[in-house]
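Asker: Quick one: structure below, then a few questions.
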Amino acid sequence: MTNKNTPVSAPVADSDEIDLTRLFGLLLDKKLFIVAVTAMFTLMGVTYALLATPVYKADALIQIEQKNAGLPGLDELGEMFASDSEAVTEIELLKSRMVMGKVVDDLKLTNVVTPNYFGNNGNLGRFFARRYQKLADNDFNQPWLASVTSEHYAWGGEVINVANFSVPRAFEGQNFIITSLGGEEYQLSLADTPEKVLVKGRVNELAIVDNLRAGEIRLLITDLLAMPNTQFNLVKRSRSDAIQTLQSSLSVSEKGKSSGILFLTLEGTDKTATELQLDAITHSYVLQNVERMSAEVQNSIQFLEKELPQIKSQLEAAEALLNNFRLENQSVDLSLETQSILKQIVDLDTRIHELSFKETEISQRYTKEHPSYVSLIKKKNDLLEQKALLGNSVKNLPSTQQQILRLTRDVEVNQQIYLALLNNVQQLNVAKAGTVGNVRVVDQAQVAKIAVKPKKPLIVVFATMLGGMFAVAIVLLRAAFNRGITNPKDFEDIGLTLYATIPVSDVQDAFNKKRERVTKLQAKLRKYRPKSKKATTESKIDPTTNRRKDHELLLAKENPTDLAVEAIRSLRTSLHFAMLEAKNNVVMISGASPEVGKSFVSANLATVIAQSGKKVLIVDADMRRGYLQKMFDMAWDNGLSDHLSHKLSFEQAIKSTDIENLDIVTRGEIPPNPSELLMSEKFEQFVKQASENYDIVLIDTPPIMAVTDPAVVGNHAGTSFMLTRYDISTLKEIGAALERFELNGVEIKGVIFNALEAKANSYYSDYGYYQYQYNEPS
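Numbering (the UniProt record's numbering), first residue to last: 1 to 778.
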């Protein structure tokens with residue numbers, strides 16, 4: 001036979017555009033799933049927001065100012081030593097290891113001790129501890145959770161202070177456990193080996209572990225308030241790690257451009273400790289600034305004190321030469337003109353020497369291209385030019401006057417320089433004593449009452465949005481990868497004739513779910529129930545309904561007005577016209593894959609045909625997994641396989657049902673060779689005899705993609721249908737199944753679309769399905 005339908009292996013897309021209405025319908029169908037996932041993420045966000053350890057922020061203000069000398073007359077000296085550091089430089093100094101290291105050492109931040117709280121990272125225990133208000137020293141929190149958890153956990157009210165903790169370098173970063181023993185006693189052990197006690201100690205007494213190869217461990221605890229067996233985690237961090245942790249928690253910025261005001265913030269989980277640490281940082285920074293300013297002044301003092309003896313010896317030598325010259329020349333006096341020239345020369349030399357000293361100082365701070373250095377050199381050159389002009393006037397004097405002028409000039413210049421140096425040393429000592437640095441703390445550290453992290457409302461909103469997006473993504477991904485048919489129009493697009501669309505039955509669906517729950521419960525009970533030596537037939541009968549316990553619901557009998565049954569009645573009409581040109585009255589119903597509802601459709605179709613007055617025989621040709629007998633409350637034995645194996649006659653294989661005009665042939669005992677039995681002459685005779693004795697013969701077969709049985713049965717049937725299921729069957733597998741039937745000479749008359757759901761996804765497609773059913777009489 002030839003296949004009038006043209007099967008294809010893949011659907012043809014109408015366009016590349018996204019069907020927004022279909023996507024909207026898809027999301028609307030999965031609204032409960034989306035709401036459930038979103039609610040779960042929201043709950044997770046709320047839980048995290050409540051359990052997360054709050055982080056507090058302390059802030060402080062520091063001013064950087066231009067510092068001048070504190071006494072009148074020292075302005076020039078103050079300008080030379082004043083600091084004009086930029087804010088960026090000061091920010092880097094604030095976060096330097098020099099400043100941070102002193103804070104780490106002073107506050108012993110290398111010692112990290114925390115109570116051992118319950119939960120992931122101790123979050124649950126901290127949650128209870130934060131909400132506990134300690135009323136007395138021996139008052140500790142004992143929530144209901146403490147009674148069902150280990151006694152080693154802390155729940156609030158515990159106090160511990162480690163004054164000293166030193167370990168060998170090999171033990172830095174390792175976790176130690178301090179266990180309270182009660183009565184101010186404790187024991188120390190490693191977290192890796194908690195059962196091995198390193199040392200036992202008492203509060204305010206130094207405990208030493210000296211039996212380790214790596215070196216000694218020293219521990220001094222000054223405060224310990226906890227219930228017996230409560231544990232604390234103790235870690236000795238390296239100094240560099242502690243500095244890096246403190247640096248990462250500190251933030252420094254300038255308030256306004258070139259304002260000289262630095263805004264410091266420090267984050268931490270402990271309010272008191274965070275405020276204390278920020279105060280220590282500002283104090284350490286101010287102290288180093290003062291020390292830096294004092295160091296500059298001290299360097300100047302040392303330089304001047306080093307020059308004083310040399311200038312003094314030069315002065316004494318000049319005085320000696322002048323006295324000797326006067327003795328030799330009988331106390332020659334200077335003329336008024338010479339005295340005037342001498343005064344000018346001495347003044348110039350003194351000023352030149354002062355600039356030379358300043359040049360020595362300034363060369364240590366600036367390069368020769370610096371404006372201050374250039375200005376100083378210019379002043380010095382101007383004075384040297386003036387001195388050169390006076391030198392020309394001196395040449396016009398008598399030689400004796402020139403000599404005494406030169407000697408007197410040397411004495412007075414050295415004397416002026418010596419006195420100036422003495423005066424500068426005294427001024428620098430005064431400046432050193434009054435040095436306060438060029439920075440000051442404007443606002444001391446203060447911690448905000450409200451935690452800055454976590455931002456609970458933002459976390460909950462973000463978690464809710466993330467949950468919604470995650471749920472939508474799952475729905476869309478599942479829809480993208482699950483190419484199951486949801487629109488009956490898809491069959492028309494690939495040239496297949498759709499004979500019936502059967503909507504899903506709420507009654508059948510409820511029954512199936514109930515049966516699934518009962519089956520799971522029975523499976524669990526069988527694990528604990530002793531096996532009987534022989535199962536009796538009576539044990540399989542439900543005494544309340546007088547039916548087999550494993551029976552399936554026959555919807556056309558139990559609920560004949562169901563919408564699905566009405567659709568099957570429509571299929572009955574279509575089947576009548578489809579069989580007009582068929583070679584016989586045998587109808588095969590198959591499918592591409594399992595779990596599409598072949599037995600459901602076959603049994604109910606046979607029932608509605610029998611109810612119309614025709615004599616019907618339904619045959620379960622799935623000799624491997626068939627269960628049609630359950631639909632009619634029968635056993636599977638004495639069926640088709642037994643007849644084909646020559647164990648039963650045709651009449652013996654026929655079983656009557658409680659439905660008029662409807663007989664059944666069950667699958668029988670599972671044979672080792674079902675396909676061979678169907679290919680035998682015996683099966684051909686069976687089909688011929690059944691066709692002669694009944695108006696319609698319905699044969700339910702296994703899926704074609706799993707076994708070849710439907711291809712064999714199809715060659716004996718005059719009319720063959722393929723059953724597909726909503727959102728399960730795909731166009732690709734339908735195309736493959738049709739190709740397999742065609743290769744075996746089986747013509748598929750059309751398809752039956754089963755279990756169509758009234759979803760928004762279908763509603764927003766090109767068309768949905770119409771509903772029609774009878775109303776119950778009032």
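The beta-carbon is built from N, C-alpha and C at its ideal position, and this holds for glycine as well.
1) Taking buried to mean at least 16 other C-beta atoms within 10 Å of its own C-beta, is residue 599 buried or exposed?
2) Please confirm whether residue 207 and residue 199 have their CB atoms less than 7 Å apart.
3) Under the three-state reduction of DSSP, which class applies to residue 325: helix, strand or coil?
4) Can you say whether residue 674 is buried or exposed, counting buried as having 16 or more other CB atoms within 10 angstroms of its CB?
5) Please return the same chain residues whose Cβ sits closer than 7 Å to the Cβ of residue 44, not counting the five positions on each side in sequence.
6) Note down, in chain order, each residue of its chain lying with its Cβ closer than 7 Å to the Cβ of residue 204, except the 5 sequence neighbours on either side.
7) Span of the beta strand (DSSP E) holding residue 201?
8) Look at the Cβ atom of residue 670, then the Cβ atom of residue 607, and state whether they are nearer than 7 Å.
9) So the candidates are 257, 103 and 138; which of them puts its Cα closest to the Cα of residue 228?
10) For the segment 676 to 711, which segments carrying the alpha helix (DSSP H) assignment without a break, of at least 4 residues, lie completely within its bounds, in sequence order?
11) Using only the alpha-carbon positions, how far apart do residue 590 and residue 698 sit?
12) Grab me the residues of residue 508's own chain with a C-beta within less than 8 Å of its C-beta, minus the 5 sequence neighbours each way, in chain order.
13) What is the DSSP secondary structure of residue 343, counted as helix, strand or coil?
14) Would you mind giving the Cβ-Cβ distance between residue 661 and residue 732, rounded to the nearest angstrom? I have them listed as a contact below 8 Å.
15) Whole angstroms is fine: what's the gap from residue 359's alpha carbon to residue 448's?
16) So, with DSSP's three-state summary, where would you put residue 182?
17) By how many angstroms is the C-alpha of residue 89 removed from the C-alpha of residue 370?
18) Starting from residue 664, trace the beta strand (DSSP E) in both directions and tell me its first and last residue.
19) What is the rounded straight-line gap between the Cα of residue 723 and the Cα of residue 476?
20) Check whether the segment 713 to 722 and the segment 459 to 473 touch, using three or more Cβ-Cβ pairs below 8 Å as the test.
21) Give, in chain order, every unbroken run of the alpha helix (DSSP H) that is at least 4 residues long and sits entirely within the segment 613 to 649.
22) Taking contact to mean at least 3 C-beta pairs separated by less than 8 Å, is the segment 408 to 419 in contact with the segment 305 to 312?
23) Name the DSSP beta bridge partners of residue 160, please?
24) Mind checking residue 389: buried by the 16 CB within 10 Å criterion, or exposed?
25) For chain D, find out if any of its Cβ atoms is closer than 7 Å to the Cβ of residue 314; answer yes or no.
26) Would you identify the three-state DSSP class for residue 57, choosing helix, strand or coil?
27) Going by DSSP in three states, residue 365 sits in which element: helix, strand or coil?
28) Quick one: grab the DSSP three-state call for residue 786.
29) Tell me the DSSP secondary structure of residue 48 in three-state form.
30) With which residues is residue 115 paired in a DSSP beta bridge?
31) Keeping to the same chain, check which residues put their C-beta closer than 8 Å to that of residue 103; ignore five residues upstream and five downstream.
32) So is residue 144 buried or exposed if we call it buried at 16+ other beta carbons inside 10 Å?
33) For residue 355, which of 157, 374, 27 and 232 has the nearest alpha-carbon?
34) Specify, as a first and last residue, the run of the alpha helix (DSSP H) that residue 127 falls within.
35) Classify residue 272: buried if its beta carbon has 16 or more other beta carbons within 10 angstroms, exposed otherwise.
36) When you compare each of 21, 34, 343 and 54 to residue 456 by their alpha carbons, which one comes out closest?
Answerer: In short:
1) In the sequence shown, the residue the question calls residue 599 occupies position 599. Buried, by the Cβ-count rule.
2) For the purposes of this step, residue 207 is identified with residue 207 of the sequence shown, where counting begins at 1. For the purposes of this step, residue 199 is identified with residue 199 of the sequence shown, where counting begins at 1. Yes; because the gap between Cβ atoms is below 7 Å, this pair is in contact.
3) As a working mapping, residue 325 is identified with position 325 in the sequence shown. The answer is helix: DSSP assigns residue 325 an H, G or I state.
4) As a working note, residue 674 is residue 674 in the sequence shown. Flag for residue 674 reads buried.
5) Within the sequence shown, the letter at position 44 stands for residue 44. Contacts found: 463.
6) Reading the sequence shown from its first residue, position 204 is the one you call residue 204. Hits under 7 Å: 222.
7) As a first step, residue 201 must be located in the sequence shown, where it is residue number 201. That run of the beta strand (DSSP E) goes 197 to 202.
8) Position 670 of the sequence shown, counted from the first residue, corresponds to residue 670. Position 607 of the sequence shown, counted from the first residue, corresponds to residue 607. Going by C-beta atoms, residue 670 is not nearer than 7 Å to residue 607.
9) Here residue 228 is taken as the residue at index 228 of the sequence shown, counted from 1. Selected option, being the one with the closest Cα: 138.
10) 681 to 693
11) Here residue 590 refers to the residue found at position 590 of the sequence shown. Here residue 698 refers to the residue found at position 698 of the sequence shown. Each residue's alpha carbon lies about 11 Å from the other.
12) Taking the sequence shown and counting its residues from 1, one reaches residue 508 at position 508. Taken in chain order, the residues that qualify are 553, 555, 562, 564 and 600.
13) The residue you call residue 343 lines up with position 343 of the sequence shown. Three-state result, residue 343: helix.
14) Here residue 661 corresponds to residue number 661 of the sequence shown, with the count starting at 1. Here residue 732 corresponds to residue number 732 of the sequence shown, with the count starting at 1. Between residue 732 and residue 661 the Cβ distance is about 40 Å, and since that is not below 8 Å, they are no contact.
15) Residue 359 sits at position 359 when you count from the first residue of the sequence shown. Residue 448 sits at position 448 when you count from the first residue of the sequence shown. Cα-Cα distance, rounded: 52 Å.
16) In the sequence shown, counting from the first residue as 1, residue 182 sits at position 182. Looking at residue 182 - three-state DSSP - the assignment turns out to be strand.
17) Walking along the sequence shown from the start, residue 370 turns up at place 370. Walking along the sequence shown from the start, residue 89 turns up at place 89. So the alpha carbons of these two residues sit roughly 19 Å apart.
18) Translated into the one-based positions of the sequence shown, residue 664 becomes position 664. Residues 662 to 665.
19) For the purposes of this step, residue 723 is taken as residue 723 along the sequence shown, with counting starting at 1. For the purposes of this step, residue 476 is taken as residue 476 along the sequence shown, with counting starting at 1. One C-alpha to the other measures close to 27 Å.
20) no
21) 628 to 631 and 640 to 644
22) yes
23) Walking along the sequence shown from the start, residue 160 turns up at place 160. In DSSP, residue 160 forms a bridge with 224.
24) Within the sequence shown, numbered from 1, the residue matching residue 389 stands at position 389. Exposed: under 16 other Cβ atoms inside 10 Å.
25) This model lacks chain D altogether, as it is built from one protein chain only.
26) In the sequence shown, the residue the question calls residue 57 occupies position 57. Three-state result, residue 57: strand.
27) Along the sequence shown, read from residue 1 onward, the residue named residue 365 stands at position 365. Coil at residue 365, not helix or strand.
28) Residue 786 is absent from the structure shown; the chain starts at 1 and stops at 778.
29) Your numbering for residue 48 matches position 48 in the sequence shown. Helix, per DSSP.
30) Numbered from its first residue, the sequence shown carries residue 115 at position 115. Residue 115 pairs with 232.
31) Position 103 of the sequence shown, counted from the start, is the residue given in the question as residue 103. Counting only Cβ-Cβ distances below 8 Å, and skipping sequence neighbours, we find 109, 246, 277, 280, 281 and 284.
32) Translated into positions along the sequence shown, residue 144 becomes position 144. Per the 10 Å Cβ criterion, exposed.
33) As a position in the sequence shown, residue 355 is number 355, starting the count at 1. It is 374.
34) For the purposes of this step, residue 127 is taken as residue 127 along the sequence shown, with counting starting at 1. Note, residue 127: alpha helix (DSSP H), 123 to 130.
35) Within the sequence shown, numbered from 1, the residue matching residue 272 stands at position 272. Under this definition residue 272 is an exposed residue.
36) For this step, residue 456 is matched to residue 456 along the sequence shown. When each option's Cα is compared against that of residue 456, the closest is 54.
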